[in-house]
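If you use mature numbering (1 follows the signal peptide of the UniProt record, and there is no 0), the sequence shown corresponds to residues -31 to -1, 1 to 469, in order.
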Amino acid sequence: MAMIPMKFNRAVTVALLAATTVLTTHTLAQAQELVLGVIGNSKDMVQPYSPTSSASAGSLYDQLYDSLTAYDSKGAVVMELAESMTPNATMDVWTVKLRPNVERHDGKPFTADDVIASVKYMMDPANNFVVSSQIDFVDPTKLHKIDDLTIEFTLKRPFGLFANAFADNDFRMRAIADDGSVVGTGPFKLESFTPGQEARLTRFEDYWGEKPGFDKLRIIGFRDQQAVTNALRGGQIDVAYSVPYTDVPALTKDPKLKTVISGTATYPMLAVRVDTPPFNDSRVLEALKLVIDRQQIVDNAFGGYAKIANDFLGNNTACPAPAEPQRVQDIAKAKQLLAEAGKTNLKLELVTDGAFAGMMEMAQLYAQQAAQAGIAIKVRRLDPASFLNRWREWPFLISLTSGPYETATLAALLPGQGENATHFDDAEYNDLAKKLQSTGDLTEQCKLITQLQAIEYKRSGHIVAAYPENITVYRDTVSGLQPDLYGRTPIHYAGVTVSK
């Protein structure tokens, strides 16, 4: 079976016009700092295997660590720290060869020992790394070091999506320095860190990949979306991780601000626990999906920067959508279903941290729409730490998905997965998912994904109203930010420059 090829890095040759010009340009670049604004989480930590995830933590981890594989800006799997991944004929043993000459932040080489230690740490239940269930096909007792750059993974079962699974940005590789500190191989080294408030980083000059075009990075944590927007307007930050969609028209009129708009596989949705009353009644679940006015959500929560969705995940798949009718608002039918279920005058609490653009606006609009069917919804906003601490406990919440269907979506819908906030456990879905994970045939994968999405539409606890675009707003002193399918435009800095 052919190996998955290493990502091709383009070499750019620049003619030297004059030594003094180069020296001056280099000195100016070294002096530049980019400041990113994001909603902060006081529970963030430096090591990448946190029990919870947040926008602020992800922003930091993307700078400090790399993964074996990654998804590029258009959604293709590429090699990162790995140079190749080769399965045996039955796809239950994978040989991973590492990229040579990768240096850690402590000056030591990144080796097979670091990979084995990272994977074992992720999979140790004592470490409470909730998304480790996404790589539960790995047997941590059967990781064999062949040499410093080669590891053999013996799996618990055949798994054809090995490279895809490790491309999830939760599975970054770390190392332990001699002093016991956690170090990575990413484009920046950490200088200081105050959880939820600020991180200061310095460019890692020995980074193996394309380096940022600025020397310093500061990540500032804010309380809410509006505070981030105000900081951008006032020049306190250079790049906003996200801004309210309703603010975009005004921001685009500011001559000192620019935008990058791209389709994205990262978006919020409503989620209910289907194992908990009243949501375990299919009539109530259907009613909740019928009260929503999707066009209003597109227009008002996302400022028109979105497409109507139909209660299944995977807007980024190239596979045919399931042949299910588009749900539209039907208040009369919703009332009928609630009456049949004996749940008229239903009272619910919808919980969110509002950490991503459109979340609060969608929650508030949905509450107004549901009221037309006699459903009283109280929207409760919590700080990110409090919200994420009980991530899988909330009966009704605003959830978030990010990533390709074959990995991220399955993690949100299969039993025992750390991202399954709805506690969905459907025998037919589970069986099809196992088939998807064990096949390497792209045509068969598409057939299975379409079937899985049809089940989501009918029975899952996700109410997916819209697929919004990702909008990054930044000051005109920043150049080089690129569109990205997974919403990483504000935190991917290869080739990005700052001129203040």
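A virtual CB, placed ideally from N, CA and C, is assigned to each residue, including glycine. These numbers come from a predicted model, not from an experiment.
The beta strand (DSSP E) spanning residue i covers which residue range?
i           : result
M238        : Y236 to V241
E121        : T119 to L124
residue 491 : In the structure as shown, the chain starts at -31 and stops at 469, and residue 491 therefore has no counterpart that could be examined.
E309        : Per DSSP, E309 belongs to no beta strand (DSSP E); it is in the alpha helix (DSSP H), I300 to E309.
S355        : Note, S355: premise wrong, no beta strand (DSSP E); alpha helix (DSSP H) at P353 to N358.
L319        : K316 to T321
E167        : E167 to R172
F365        : F365 to T370
Where does the unbroken alpha helix (DSSP H) through residue i begin, and where does it stop?
i           : result
S28         : A24 to L33
D92         : Residue 92 is actually Met in this sequence, not Asp. M92 -> alpha helix (DSSP H) spans A81 to M92.
T221        : V217 to T221
residue 501 : Because the chain here runs from -31 to 469, residue 501 falls outside it and cannot be looked at.
R68         : Run containing R68: none; DSSP gives neither H nor E here.
T412        : L411 to R428
L257        : S251 to L259
L382        : L379 to L382
A326        : Premise fails: A326 is in no alpha helix (DSSP H) and is neither H nor E.
A134        : F131 to A136
I'd like the list of long-range same chain contacts for residue i, defined as Cβ closer than 7 Å, with 5 residues on each side in sequence excluded.
i      : result
L(-9)  : Because L(-9) carries a pLDDT of 40, less than 50, the predicted location of this residue cannot be relied on, and no value is offered for it.
S36    : E49, L50, F135, A136, N138, F140, R141 and M142
K227   : Y443 and D445
V447   : L3, D207, V208, V465 and V467
V(-20) : The predicted model places V(-20) with a pLDDT of 33, which falls under 50 and marks its position as unreliable; any figure quoted below should be read in that light. So no residue of the chain qualifies.
F162   : V15 and A168
P17    : Y30, Y34, R141 and R143
G456   : T233, T235, S371 and N439
R111   : Checking the displayed sequence, the identity of residue 111 turns out to be Lys instead of Arg. Answer for K111: T123, listed in chain order.
Y426   : N279, D280, F281, P291 and E293
A26    : N10, D13 and S19
Grab me the residues of residue i's own chain with a C-beta within less than 6 Å of its C-beta, minus the 5 sequence neighbours each way, in chain order.
i      : result
L(-4)  : Reliability fails at L(-4), whose pLDDT of 45 lies under 50, so the model's placement of it is uncertain and the value that follows must be treated cautiously. So no residue of the chain qualifies.
A(-30) : Note on A(-30): pLDDT 38, under 50, position unreliable in the model; the coordinate value appears next. Cβ within range, chain order: n/a, list empty.
N(-23) : Interpretation of N(-23) is limited by its pLDDT of 37, a score under 50 that renders its predicted location unreliable; the figure taken from the coordinates is listed afterwards. Within the same chain, N(-23) has no close Cβ partners at all.
M(-26) : Reliability of the predicted coordinates at M(-26) is poor, the pLDDT of 36 falling under 50, and no value is obtained from them.
W177   : V71
Going by Cα to Cα distance, which pick from the options is closest to residue i?
i           : options                   : result
R73         : T154, L239 and T198       : T154
M238        : L411, A326, T38 and Q32   : A326
M60         : P127, K276 and M92        : P127
L317        : A303, G27, G343 and Q295  : G343
T75         : N57, F157, D117 and A24   : Before going further, note that residue 75 is Asp rather than Thr in the sequence given. Comparing Cα positions, the closest option is F157.
Y210        : T313, T441, H431 and A86  : T441
D453        : G182, G27, A234 and L383  : A234
T419        : G372, F393 and N285       : N285
A287        : V88, K416, A240 and T38   : K416
residue 479 : V47, D223, P289 and Q295  : Because residue 479 is not part of the residues shown, which for the chain are -31 to 469, the question remains open.
L102        : K111, M91 and L112        : Sequence inspection shows Ser at residue 102; the Leu mentioned does not correspond to that position. S102 has its Cα closest to that of M91, out of K111, M91 and L112.
S371        : N439, T64, D394 and E174  : N439
S22         : A45, L67, Q1 and F98      : F98
K312        : V152, I300, Q298 and A256 : A256
L170        : E160, P246, E179 and Y176 : E160
P289        : A423, L220 and N269       : A423
V212        : M54, L306, D193 and L401  : D193
S429        : A396, V46 and Q341        : A396
I367        : H392, Q386, A324 and A340 : A324
L307        : L254, G273, K347 and G272 : L254
Looking at the strands, I want to know which residues DSSP matches up with residue i.
i           : result
F191        : I8
A435        : I277
H113        : E121
E2          : K185
V107        : L124
M48         : T38
S53         : K66
A209        : G6
T441        : V229
residue 480 : With the chain represented from -31 up to 469, any question about residue 480 goes unanswered, as that position is not in the structure.
I346        : L317
P78         : E72
Suppose the cutoff is 8 Å on Cβ atoms and the five residues either side in sequence are ignored; what does the same chain contact list for residue i look like?
i     : result
L351  : V320, T321 and D322
Q406  : F106, F128, G129, L130, E375 and L379
F191  : G6, V7, I8, G9, V197 and A200
Q338  : V260, I261, D262, Q265 and Q298
N96   : Y18 and Y90
N399  : L383 and P384
K185  : Q1, E2, L3, R169, L170, T171 and R172
V46   : I(-28), T38, A39, Y40, A132, N133 and A136
N269  : T215, E330 and L334
H(-6) : Reliability fails at H(-6), whose pLDDT of 44 lies under 50, so the model's placement of it is uncertain and the value that follows must be treated cautiously. Same-chain partners within the cutoff: there are none.
Is the region 97 to 108 touching the region 123 to 130 in the sense that three or more CB pairs, one from each, lie closer than 8 Å? yes
Cβ pair count under 8 Å reaching 3, the region 235 to 253 against the region 190 to 206: no
Given 8 Å, three or more beta-carbon pairs between the region 399 to 413 and the region 252 to 272: no
Hey, is the region 51 to 71 in contact with the region 352 to 369, meaning 3+ C-beta pairs nearer than 8 Å? no
So, does the region 74 to 92 touch the region 430 to 441, judging by three or more C-beta pairs under 8 Å? no
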